[in-house]
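**Q** Chains A and B supply the protein sequences, listed in that same order. Just so we're aligned: 39 in the numbering used here is position 39 of the first sequence, and the numbers increase by one with no gaps anywhere. Just so we're aligned: 15 in the numbering used here is position 15 of the second sequence, and the numbers increase by one with no gaps anywhere.
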Amino acid sequence: MADQQLLDKIKAFEGREYGRVYAWDPVNAPMIRHWCEMMGITNPLYTDREFAREAGYPDIVAPPAMLQVWCMAGLDMENYPPGSTDENSFEVLKLIESHGFESVVAVNSDLKFDRYVAAGERLYYTSRVDAVTEEKATGLGTGHFVTVIMTYSVERAEGREDEKVGEQLFRVFKFKPAVRPKPETGTDSAIPKITRPRPGISDDSRFFWEGCEAGKLLVQRCADCQTLRHPPAPVCAKCHSFNWDTVEASGKGHLYSFVVMHYPEIPPFEYPNPVGLVELDEGVRLIAGLVGADRSELQIGQRLQVEFARFQDEELTLPQFRPVAQ
Amino acid sequence: MSDLPLSGKAAIVGLGATEFSKNSGRTELRLAMEATLQALADAGIDPREVDGFSSYSIDKVPEYEIARLLGCDDVRFFSTVPHGGGAACGPIMHAAMAVATGVAKTVVVYRSMNERSWYRFGNGQYGFGDTPIFENVNYGWYMPHGLMTPASWVAMFARRYMHTYGATSEDFGRVSVAARDFAATNPNAFFYEKPITLEEHQASRWICEPLHLLDCCQESDGAVAMIITSVERARDLKQKPVIIKGAAQGIADGQQSMTSFYRGDITGLPEMGVVAKEVYRQSGLGPGDIQTAVIYDHFTPFVLPQLEEFGFVPRGEAKEFVREGHHARGGKLPINTHGGQIGEAYIHGMNGVAEGVRQVRGASVNQVDNVENVLVTAGTGVPTSGLILGVA
Numbered sequence: 001m002a003d004q005q006l007l008d009k010i011k012a013f014e015g016r017e018y019g020r021v022y023a024w025d026p027v028n029a030p031m032i033r034h035w036c037e038m039m040g041i042t043n044p045l046y047t048d049r050e051f052a053r054e055a056g057y058p059d060i061v062a063p064p065a066m067l068q069v070w071c072m073a074g075l076d077m078e079n080y081p082p083g084s085t086d087e088n089s090f091e092v093l094k095l096i097e098s099h100g101f102e103s104v105v106a107v108n109s110d111l112k113f114d115r116y117v118a119a120g121e122r123l124y125y126t127s128r129v130d131a132v133t134e135e136k137a138t139g140l141g142t143g144h145f146v147t148v149i150m151t152y153s154v155e156r157a158e159g160r161e162d163e164k165v166g167e168q169l170f171r172v173f174k175f176k177p178a179v180r181p182k183p184e185t186g187t188d189s190a191i192p193k194i195t196r197p198r199p200g201i202s203d204d205s206r207f208f209w210e211g212c213e214a215g216k217l218l219v220q221r222c223a224d225c226q227t228l229r230h231p232p233a234p235v236c237a238k239c240h241s242f243n244w245d246t247v248e249a250s251g252k253g254h255l256y257s258f259v260v261m262h263y264p265e266i267p268p269f270e271y272p273n274p275v276g277l278v279e280l281d282e283g284v285r286l287i288a289g290l291v292g293a294d295r296s297e298l299q300i301g302q303r304l305q306v307e308f309a310r311f312q313d314e315e316l317t318l319p320q321f322r323p324v325a326q
Numbered sequence: 001m002s003d004l005p006l007s008g009k010a011a012i013v014g015l016g017a018t019e020f021s022k023n024s025g026r027t028e029l030r031l032a033m034e035a036t037l038q039a040l041a042d043a044g045i046d047p048r049e050v051d052g053f054s055s056y057s058i059d060k061v062p063e064y065e066i067a068r069l070l071g072c073d074d075v076r077f078f079s080t081v082p083h084g085g086g087a088a089c090g091p092i093m094h095a096a097m098a099v100a101t102g103v104a105k106t107v108v109v110y111r112s113m114n115e116r117s118w119y120r121f122g123n124g125q126y127g128f129g130d131t132p133i134f135e136n137v138n139y140g141w142y143m144p145h146g147l148m149t150p151a152s153w154v155a156m157f158a159r160r161y162m163h164t165y166g167a168t169s170e171d172f173g174r175v176s177v178a179a180r181d182f183a184a185t186n187p188n189a190f191f192y193e194k195p196i197t198l199e200e201h202q203a204s205r206w207i208c209e210p211l212h213l214l215d216c217c218q219e220s221d222g223a224v225a226m227i228i229t230s231v232e233r234a235r236d237l238k239q240k241p242v243i244i245k246g247a248a249q250g251i252a253d254g255q256q257s258m259t260s261f262y263r264g265d266i267t268g269l270p271e272m273g274v275v276a277k278e279v280y281r282q283s284g285l286g287p288g289d290i291q292t293a294v295i296y297d298h299f300t301p302f303v304l305p306q307l308e309e310f311g312f313v314p315r316g317e318a319k320e321f322v323r324e325g326h327h328a329r330g331g332k333l334p335i336n337t338h339g340g341q342i343g344e345a346y347i348h349g350m351n352g353v354a355e356g357v358r359q360v361r362g363a364s365v366n367q368v369d370n371v372e373n374v375l376v377t378a379g380t381g382v383p384t385s386g387l388i389l390g391v392a
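1) Between the C-alpha atoms of A:V291 and B:F134, what's the straight-line distance to the nearest angstrom?
2) Of all the options A:G139, A:A223 and A:G56, which has the alpha carbon lying nearest to the alpha carbon of A:E238?
3) B:C208 CB to nearest chain A CB: under 8 Å?
4) Chain A beta carbons: is any one of them nearer than 8 Å to that of B:H201?
5) Is the separation between the beta-carbon of B:A104 and that of B:G52 shorter than 8 Å?
6) My output table needs one value for A:S103: the three-state DSSP class, helix, strand or coil.
7) Which word fits A:D86, buried or exposed, when buried means at least 16 other C-beta atoms lie within 10 angstroms of its C-beta?
8) State yes or no: is the beta carbon of A:Y263 nearer than 8 Å to at least one beta carbon in chain B?
9) Under the rule that 16 or more other beta-carbon atoms within 10 Å means buried, what is A:P183, buried or exposed?
10) Who are the near neighbours of A:D59 in its chain, counting only those whose CB is closer than 8 Å to its CB and skipping five residues on each side?
11) I need the DSSP call for B:L31, collapsed to helix, strand or coil.
12) Would you say A:H230 reaches chain B, if we count a Cβ-Cβ gap shorter than 8 Å as a contact?
13) So is B:K457 in contact with chain A if we call contact Cβ pairs under 8 Å?
14) Would B:Q282 be called buried (16 or more neighbouring beta carbons within 10 Å of its own) or exposed?
15) Taking the alpha carbon of A:Q299 as the reference point, which residue from A:R285, A:D281 and A:Y256 has its own alpha carbon closest?
16) What is the rounded straight-line gap between the Cα of B:Y192 and the Cα of A:L45?
17) The ligand ZN and B:G286: does the residue's C-beta get closer than 7 Å to at least one heavy atom of that ligand?
18) Mapping DSSP to helix, strand and coil, what is B:C208?
19) Buried or exposed: where does A:I96 fall if 16 or more other Cβ atoms within 10 Å of its Cβ makes it buried?
20) If we define contact as Cβ-Cβ less than 8 Å, is B:M148 a contact residue for chain A?
21) Whole angstroms is fine: what's the gap from A:L111's alpha carbon to A:L169's?
22) Flag this pair as touching only if the region 242-262 of chain B and the region 91-99 of chain B have three or more C-beta atom pairs under 8 Å; answer yes or no.
23) Between B:I228 and B:V107, is the Cβ-Cβ spacing less than 8 Å?
24) From A:Q220 to A:D294, what distance separates their C-alpha atoms?
25) Measuring CB to CB, does B:D221 end up less than 8 Å from B:S21?
26) Nearest-angstrom Cα distance between A:G159 and A:A65?
27) Helix, strand or coil for A:A233, going by three-state DSSP, please let me know.
28) Does the CB of A:Q305 have a neighbour CB from chain B at under 8 Å?
29) Rounded C-beta distance between A:S84 and A:S127? I'm assuming under 8 Å.
30) If you measure between the beta carbons of A:S250 and A:D204, is that distance less than 8 Å?
31) Anyone know if the C-beta pair for B:G340 and B:L389 falls short of 8 Å?
32) Secondary structure at A:E279, three-state DSSP: helix, strand or coil?
33) Determine, using beta carbons only, whether B:I58 comes closer than 8 Å to chain A.
34) Determine the chain B residues that contact A:P81 at a beta-carbon separation under 7 Å, and present them in chain order.
35) Check whether chain B comes within 8 Å of A:F258, counting only Cβ atoms and requiring the distance to be less than that.
36) Under 8 Å, with one C-beta from each stretch per pair, do the region 65-84 of chain B and the region 321-341 of chain B reach the 3-pair mark?
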């Protein structure tokens, strides 16, 4: 179950606003030129003042995608110009991390531009926590998405209202990794590996799993009326006899139906994960993973052959089916 | 009306619900109490008069706690129906039986869960173990292969249905588009003012082929409660009585919970056939007497065989029915006029029963003309249930 108390606490951050972070330098020609060189941009609007003026701008303008650059700290982390807020608009991440969500990944950075910014203009941004989600399960692991929106403005002389020039939506995922990194050789790790769920095995079904271990696909048979049955049961649904034995199936059959699982991605399975409802030539059906087939080529009716795959240090053996020629 | 004792003996006289959301922000017990007190106020019944309760499995709010908080001191009937959403109509049936036999006079039926913010059914993490209890042995045939979500179990039936009858993903999409169209005009729906197109359905990402994202409902927080009493008493209460004309549960040949893969044919829902036969028998009604229906739609594909099991169309022909738009706004049989679980919220079918009540009262935001009888169905792929509700 998700931790409701944590959720209440982190949800309280939604809507919280943070003060200004200023740019170290006004928008300027050298930084624009460096950016354009790095990006391979040759638009004269960014480098030729006369051209920019003819196009109706007061001076050269900056490539819009540079928006975030102007207010960056620089080489020293968290080193912002005087007057900037010392609050961190991502402070909620610390709280989430303290509950065991130790990993982080940036997932979105969406920029919106109201207008070009021109050389000489000085920028700052303010931040607002847009959303903190409930716990989400993803391929990376489970955790919380945090979205912060930074609004960029141009500072005006006193008496004139500052002008908004753009916006950046930044979203990160703070999570507990689904698959933890392998411990270094020689260290003893207490972290259990994520494994396939193991089947519950009862006196009625043990023969099936022991058969798999031995590389045999066994089907239960009523010892009295000879009816085959799967899944196994303690009694025949047809004649109600409790006497049963097993027969080894040929392992041949056809695809009766199938699915291809995409979401959610649950470790340790690989996705897309094709799973089939297989009808054996002996007449009973069973569920099993499909291997050796492009999922776009899977078709109801196609012939299949069983094989046995060992998982998790050989503690689990499962039947799987592979397409064969008709 | 038939002479069977259940039909026409009991009525739904009160309806209450919380808002539906992704995070209610309060306890399930509180949601249950809000919905129950609202339903009692709607009916004009003193909470202390309640003498019976019924809900269904996976709900964690005990009836005795609701009884304690209502101040009940003479409760003589309580039941919990198994199989989650498959039970959605079951508590109404149990309440009607209790009322019809005189075991109880005033029964609260409720569903209250923070399924979205507290649990998630669809995350594939069920905590199954390997002790040899039935559930672990049974899911042992699926979980080790990764076939571990409700969407994946439904998808297995859907693929075979498509193969056998030539239905397509677009046909499932038509169910979704119609539901979202109704939801778009229902202010209580998740997807109020957010209709979708068939193209958007087709472009939505895969959850489990052949199911797209827009074939699946959204897990929800919320509560719904109703009050059931005798038809005689209902005449003197505040609301127009909603008569329980038919109420049935069903298990059929080869039944399992979500995984009835071993039947001769897996394109039908024979347990729903059992329910259909019984509600028609009890009520003396047939498909032609139904003006609108609430057809359980946690996933779109099972809507089609339900239309077939209830005789609205012959076997395998539901795809033509939806292609002609008969299930949509203005069609021959508009279904899920609240937006369904696809569009309104996933309260495991109890919000569908609520829409059935509103249609009979004439109080739906998407009211169908001249409603006399409404069919309501419960969860599919599991042991299930259904109702025919109607005017007196």
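Note that CB positions come from ideal geometry on N, CA and C, so glycine has one too.
**A** On the basis of the coordinates in this document:
1) Position 291 of the first sequence, counted from the start, is the residue given in the question as residue 291 of chain A. Position 134 of the second sequence, counted from the start, is the residue given in the question as residue 134 of chain B. Cα to Cα, A:V291 sits roughly 29 Å from B:F134.
2) Here residue 238 of chain A refers to the residue found at position 238 when the first sequence is read from its first residue. Looking at the sequence itself, residue 238 of chain A is Lys, so the reference to Glu does not match. Of A:G139, A:A223 and A:G56, the residue nearest in Cα terms is A:A223.
3) Here residue 208 of chain B is taken as the residue at index 208 of the second sequence, counted from 1. It does; some Cβ of chain A falls within 8 Å.
4) By 1-based counting over the second sequence, the position of residue 201 of chain B is 201. For B:H201, the answer is no, since every Cβ of chain A falls outside 8 Å of its Cβ.
5) Counting from 1 along the second sequence, the entry for residue 104 of chain B is found at position 104. Counting from 1 along the second sequence, the entry for residue 52 of chain B is found at position 52. Cβ distance < 8 Å, so B:A104 and B:G52 count as in contact.
6) Your numbering for residue 103 of chain A matches position 103 in the first sequence. Strand.
7) Taking the first residue of the first sequence as position 1, residue 86 of chain A is located at position 86. So A:D86 ends up on the exposed side.
8) By 1-based counting over the first sequence, the position of residue 263 of chain A is 263. Taking 8 Å as the threshold, the shortest C-beta distance from A:Y263 to chain B falls below it.
9) As a first step, residue 183 of chain A must be located in the first sequence, where it is residue number 183. Caution applies to A:P183, whose pLDDT of 49 falls short of 50 and renders its modelled position unreliable; the model cannot decide the point.
10) Taking the first residue of the first sequence as 1, we reach residue 59 of chain A at position 59. Correct list, in chain order: R49, A52, R53, A118, A119 and G120.
11) Position 31 of the second sequence, counting from 1, holds the residue named residue 31 of chain B. Reduced to three states, the DSSP call for B:L31 is helix.
12) As a working note, residue 230 of chain A is residue 230 in the first sequence. At a cut-off of 8 Å, the C-beta of A:H230 has a neighbouring C-beta in chain B.
13) Nothing about residue 457 of chain B can be read from this structure; chain B reaches only from 1 to 392.
14) Looking up residue 282 of chain B in the second sequence gives position 282. By the neighbour-count rule (16 or more Cβ atoms within 10 Å), B:Q282 is buried.
15) Taking the first sequence and counting its residues from 1, one reaches residue 299 of chain A at position 299. Nearest Cα to A:Q299 within the set A:R285, A:D281 and A:Y256: A:Y256.
16) As a working mapping, residue 192 of chain B is identified with position 192 in the second sequence. As a working mapping, residue 45 of chain A is identified with position 45 in the first sequence. The straight-line gap from Cα to Cα measures roughly 45 Å.
17) Summarising the ligand content, the structure contains no ligands, and the ligand ZN is consequently not present.
18) Stepping through the second sequence from its first residue, residue 208 of chain B is reached at position 208. In the structure shown, B:C208 sits in a strand (DSSP, three-state: E or B).
19) Taking the first residue of the first sequence as 1, we reach residue 96 of chain A at position 96. By the Cβ neighbour-count rule, A:I96 is buried, with 16 or more other Cβ atoms within 10 Å of its own.
20) Translated into the one-based positions of the second sequence, residue 148 of chain B becomes position 148. Under the Cβ distance rule, B:M148 counts among the residues neighbouring chain A, one pair being separated by less than 8 Å.
21) In the first sequence, residue 111 of chain A corresponds to position 111, counting from 1. In the first sequence, residue 169 of chain A corresponds to position 169, counting from 1. Using only the alpha carbons, I get a separation of about 6 Å.
22) With the cut-off at 8 Å, the region 242-262 of chain B and the region 91-99 of chain B touch.
23) For the purposes of this step, residue 228 of chain B is identified with residue 228 of the second sequence, where counting begins at 1. For the purposes of this step, residue 107 of chain B is identified with residue 107 of the second sequence, where counting begins at 1. Yes, the Cβ-Cβ distance between B:I228 and B:V107 is below 8 Å.
24) Within the first sequence, residue 220 of chain A is the residue found at index 220, counting from 1. Within the first sequence, residue 294 of chain A is the residue found at index 294, counting from 1. Taken atom to atom, the span from the alpha-carbon of A:Q220 to that of A:D294 is near 32 Å.
25) On the second sequence, position 221 is the one that residue 221 of chain B refers to. On the second sequence, position 21 is the one that residue 21 of chain B refers to. Using a Cβ distance threshold of 8 Å, B:D221 and B:S21 count as a contacting pair.
26) On the first sequence, residue 159 of chain A is found 159 positions in, with the first residue counted as 1. On the first sequence, residue 65 of chain A is found 65 positions in, with the first residue counted as 1. Rounded to whole angstroms, A:G159 to A:A65 spans 30 Å at the Cα level.
27) Here residue 233 of chain A is taken as the residue at index 233 of the first sequence, counted from 1. DSSP places A:A233 in coil when its eight states are reduced to three.
28) Within the first sequence, numbered from 1, the residue matching residue 305 of chain A stands at position 305. Not one beta carbon of chain B lies nearer than 8 Å to the beta carbon of A:Q305.
29) Here residue 84 of chain A is taken as the residue at index 84 of the first sequence, counted from 1. Here residue 127 of chain A is taken as the residue at index 127 of the first sequence, counted from 1. About 11 Å separates the two Cβ atoms, so there is no contact after all.
30) Locating residue 250 of chain A in the first sequence gives position 250, where the first residue counts as 1. Locating residue 204 of chain A in the first sequence gives position 204, where the first residue counts as 1. In this structure, A:D204 does not lie closer than 8 Å to A:S250 by Cβ.
31) As a first step, residue 340 of chain B must be located in the second sequence, where it is residue number 340. As a first step, residue 389 of chain B must be located in the second sequence, where it is residue number 389. No; because the gap between Cβ atoms is not below 8 Å, this pair is not in contact.
32) Numbered from its first residue, the first sequence carries residue 279 of chain A at position 279. Of the three classes helix, strand and coil, the one that applies to A:E279 here is strand, per DSSP.
33) As a working note, residue 58 of chain B is residue 58 in the second sequence. Against chain A, the CB of B:I58 has no partner CB under 8 Å away; the residue lies outside that interface.
34) In the first sequence, the residue the question calls residue 81 of chain A occupies position 81. From the beta-carbon of A:P81, no residue of chain B is found nearer than 7 Å; the closest lies around 39 Å away.
35) Working through the first sequence from its first residue, we reach residue 258 of chain A at position 258. It does: the Cβ of A:F258 has a partner Cβ on chain B nearer than 8 Å.
36) Result no; under three Cβ-Cβ pairs closer than 8 Å.
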